[in-house]
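Since the structure comes first, as structure tokens, the remarks are kept for the end.
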Amino acid sequence: MLRNLFHNNSIVTKYQTLINQINILENDLKTLSDSELRAKSFKLRKQYEENQNLNLLIADSFALTREASLRTLGLRHFDVQLIGGLVLNNAKIAEMKTGEGKTLVATLPAFLNAVTKKGVHIVTVNDYLANRDQVSMGQIYRFLGLDTGLIQDGMSTLERRENYNADITYVTNYELAFDFLRDNMALNLTDVVLRPFNYCIIDEVDSILIDEAQTPLIISNNIQTPIEKYIVASEIIDYLELNTHYKVDEKNKNVILTEAGSKQIEKILSIQDLYDPSDPWIPYIINALKANALFFNNVHYIVQNNRIIIVDEFTGRIMPDRRWGDGLHQAIEAKEKLPIRQKTETVAAITYQNFFLIYPKLSGMTGTGKTAEIEFEKIYNLSVEQIPTARFNQRKDLPDLIYKDQFSKWNAIAQACNKISSTGQPILIGTTTVEKSEMVAELLSEYQLSYQILNAKPENVRRESEIVAQAGKKNSITIATNMAGRGTDIILGGNINFKIQKELYDILTLSKNYILSKQVNILQSPLINQFQGSSQKFLSVLFSLLHDQKFLKLSDIDILRILRENDRISIPSISYQCSIRFLINELVSYNKNHQEQENKIVKNLGGLYIIGTERNDSRRVDNQLRGRCGRQGDPGTSRFFLSLDDNLLRLFGGPKIQNFMQTQITDDSPLESDFITKSLDSAQERVEERAYQQRKNLFDYDDILNKQRNIVYHERRQILESASVQKNIFAYGEQIITDIFLELKKEKSSNQKTISLVENLFGKNLGLNYYVKDSNSFLDEFDLYELKIYLFHEFWLTYQSKITELSVYGDGIIENLERSIILINTDRIWRDHLQKMTLLREAVGWRGYGQRNPLYEYKQDAFDMFETREEVLRHLVIYDLLRSSIL
């Protein structure tokens, strides 16, 4: 039952009845066999088929999932975790502190909603978490008779479709959104991988729906790029002076070219007008200035394999598939003197804001959602519920220490690490950039302190899970850039599972290779000695594996996959999973006492010590770092070290803080000040408000485009799924003819215009010119209605003639051709529309200076532009179809 501590908690009161029902059912389920439990699962599905009401199944489903979890993973959901599951099932955001088991919580609503057989998506922030969660939590679902899917980079279309068709699919936000865009560009149903959306659970929901919301997801094609202009612009800015020729707005990440700067550039280039529409230089100059003044190597990007790789400012991870738009990426390539890649044009685009709103039922989990609750409610209609912790939070958040400059701050951090590490207490240092993480590493090296570094550099990313897993080990120091979604495996005393997997991997691979190369008996392997103290059964299983010729032929990668229980391993490897699992369990049991002892030692030392090297723009990111210690009642300490010239204080602190600090700090001694702390909180709130307004502005504009996108994608899917589109072809042709005659009546157009319009539709085989005796008498000689009917018949005959012409190539050819022509032209028009909408967005911004509402202007012009889409599509489809041929 829930602890008495929560008896006044409103959320506990709200769900108390359901919690009691689940706990009562648990006692009955304990007596059932595994097969009887599975039968209960099938019974739930039948109940849903009969009544179509999930609410009637909540208690039974949650109790069943809890029992399955206990039997497969040895993990029993706490009552507070049940509350988290109920919140998620109610399409809300569950805020649960780090270490409270959000991954396990998601299994409760996932299983319940998977009973519908409509599919459940569990979205994570990276491939590692998706893989790990699908492997571990998938045991619960498979035990209950459900299948699970996993989407990873590099999968084929067939693999993706199979995994999306699973009852529960683990996928990253990135892969999911791009699969949606690709599906809506498919020319054949066999290329579509997603089925209609049903229910989605987003892990680290604030990272995806807020931090990522400012970056639209874009699929693009390469276009002609004036490479020389980027190179010249990059060289020109060397002759410009800050505050004389240009000004930098760090707050808004923008640069402003002064009049003196424009004249200087025009003089250097020997041109009359920097803004000449026929040969504009201004966008190249502005991007070159931005690249030089606002974007820095090892901060905003890294250079890898002669390419610029963007670093995510919120997670510290690299994003190799993303590029900055509007020529900025090319400008940075020119700055770094790298090969300049082609510019791109948008083929399909969507924001996470509108993408996730497609789900009929959406929920999310995070450790830090309450500070962004207003945004969640206004944009996503998601309220945030704070879930109480299973145990008391013992973390100590010490006051910030403020130093007069960067030099004093970084020295103080190094000295603090030296002092704390002398006791053996583990330390986690959070930095904001790759550059600063490497600077801390150099400082620690001067004190001869050993450390692990985790940042966006490829050599560090590869060891991410191992580094994070051992961050709680005694004497460890871990330096990491931003920790969003990274701290799930930090266990005080070190993570024994990672240690054991590594040991077993070493013994299996090294022994295997030793036996194969030396052609000796397994007992002669020098690595076997370290296991002589193990049980006889352990040695027996180990020796049987290393005597198996098929096992010896496995690659080291196959063995690693088995150790990680990867479901996508090759078929020959599957038979060895039970043996490997036994060896791991034996080693866990053998090392358990040592692990418990190490855990107690680190707890007695005070747990994990978190050091923040500066305040982030968002309070959520700070809280994510703090939350890496004090898991599940563990002790822990956090403290931030700040300086006067940190970005947050420098840009948003205001002159009062600067004056106050200059008078208070006279040497290298730090200052603890409630005034400064409140000012920092206020500065963060202002930054968050600015960021929210930017995201809200993006959402308002994209909402208009999203309505149009929904119409296009809906019409496109109807065409894709239809067996025949002949009705559409007839409708297009007849509507074009009708439109021509409406224009004739309205404008009383000349004969020649009428003839050209009709001939554009049919070609010149009608011979209307023979009927024209006088340019003014043509329309008088024919009744418009009769002429319209005549042209209808001519269109039908021309169309039928084309069908007959193409039918000789085989059955189904004409249907596929017609469908492809409609889809290709739909995509072409949509692509052009996206380009126009981008230009329109830029243009309406200037109308605000004329006291006009830019958003209203955008909405009106966007509607007018979209209105012409259908007409253009009809003309292009008929034109292409009647002139098509198969070679």
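Per numbering that gives the first Met the number 0, residue 0 is the first one in the sequence shown, and the count goes up by one each step. Just so you know, even glycine gets a beta-carbon here, dropped at the ideal spot from N, CA and C.
Annotation: asparagine 305 to valine 467 spans about 29 Å, alpha carbon to alpha carbon. Judged by DSSP in its simplified three-state form, arginine 394 adopts strand.
For the stretch 201–274, the full-length alpha helix (DSSP H) segments reaching 4 residues or more read 204–208, 226–235 and 258–268 along the chain.
Residue range 156–163 is occupied by the alpha helix (DSSP H) that includes glutamate 161. Around the beta-carbon of leucine 157, fewer than 16 other beta-carbon atoms lie within 10 Å, marking it exposed. Taken in chain order, the complete alpha helix (DSSP H) segments of 4 or more residues contained in the stretch 14–96 are 33–50, 57–71 and 78–88. Between methionine 95 and glycine 83, the gap from beta carbon to beta carbon is short of 8 Å. Distances from the CA of threonine 422 to each of Ile339, Ile476 and Ile150 were compared; the closest alpha carbon is that of Ile476. Going by DSSP, proline 282 is part of the alpha helix (DSSP H) stretching over 281–292. Rounded to the nearest angstrom, the gap between the Cα atoms of tyrosine 140 and leucine 503 is 28 Å. Sequence-distant Cβ neighbours of tyrosine 731 in its own chain, meaning closer than 7 Å and more than five residues away, are Arg873, Val876 and Ile877.
Distance from leucine 643 to lysine 403 at the Cβ level is roughly 6 Å; contact confirmed, criterion being Cβ atoms closer than 8 Å. In this structure, the CA atom of leucine 624 is about 26 Å from the CA atom of leucine 81. In the structure shown, the three-state DSSP call for valine 540 is helix.
The beta carbon of glutamine 329 sits closer than 6 Å to those of Tyr229 and Ile339, all from its chain and outside the five residues before and after it, given in chain order. By the C-beta criterion, the stretch 673–693 is judged not to be in contact with the stretch 442–449, since fewer than 3 inter-stretch pairs fall below 8 Å. Scanning the stretch 126–154 for uninterrupted beta strand (DSSP E) segments of 3 residues or longer gives 147–149, listed from N- to C-terminal end. When DSSP states are grouped into helix, strand and coil, phenylalanine 196 belongs to the coil group. No residue range can be given for phenylalanine 295, since it is assigned to no alpha helix (DSSP H) and is classified by DSSP as neither H nor E. One Cα belongs to glycine 118, the other to glutamate 688, and the distance between them is close to 36 Å. In the three-state scheme derived from DSSP, where H, G and I count as helix and E and B as strand, glutamate 174 is classed as helix.
Between isoleucine 150 and isoleucine 200 the beta-carbon gap is near 15 Å, outside 8 Å, which marks them as no contact. Annotation for leucine 491: Gly471, Asn598, Val601, Lys602, Gly606, Leu607 and Asp633 place their beta carbon closer than 7 Å to its own, counting only its chain and skipping 5 residues before and after. Isoleucine 556 and threonine 508 have their C-alpha atoms spaced approximately 10 Å apart. For the stretch 379–444, the continuous beta strand (DSSP E) assignments of 3+ residues that do not extend past its boundaries occur at 383–385, 393–396, 400–402 and 426–430, in sequence order. Classified as exposed, glutamine 548 has fewer than 16 neighbouring CB atoms from the shown chains inside 10 Å of its CB. Beta-carbon to beta-carbon, aspartate 146 and aspartate 166 are separated by about 5 Å, close enough to satisfy the 8 Å threshold. DSSP places isoleucine 478 in the uninterrupted beta strand (DSSP E) bounded by 476–480. Judged by DSSP in its simplified three-state form, tyrosine 300 adopts strand. Contact check for arginine 619 and threonine 345: beta-carbon distance about 30 Å, past the 8 Å limit, so the pair fails to qualify. Annotation: the continuous beta strand (DSSP E) that includes tyrosine 608 extends over 607–611. Tyrosine 358 is a Cβ neighbour of phenylalanine 196, given a cutoff of 8 Å.
In terms of CA proximity to threonine 636, Arg394 leads the group Glu332, Arg394, Asp237 and Lys334. Comparing C-alpha distances from valine 170 to each of Gly844, Thr123 and Lys552 shows the shortest one belongs to Thr123.
A residue is called buried when at least 16 other Cβ atoms come within 10 angstroms of its Cβ; proline 669 meets this threshold and is buried.
The beta carbon of valine 686 sits closer than 8 Å to those of Asp616, Ser617, Leu647 and Phe651, all from its chain and outside the five residues before and after it, given in chain order.
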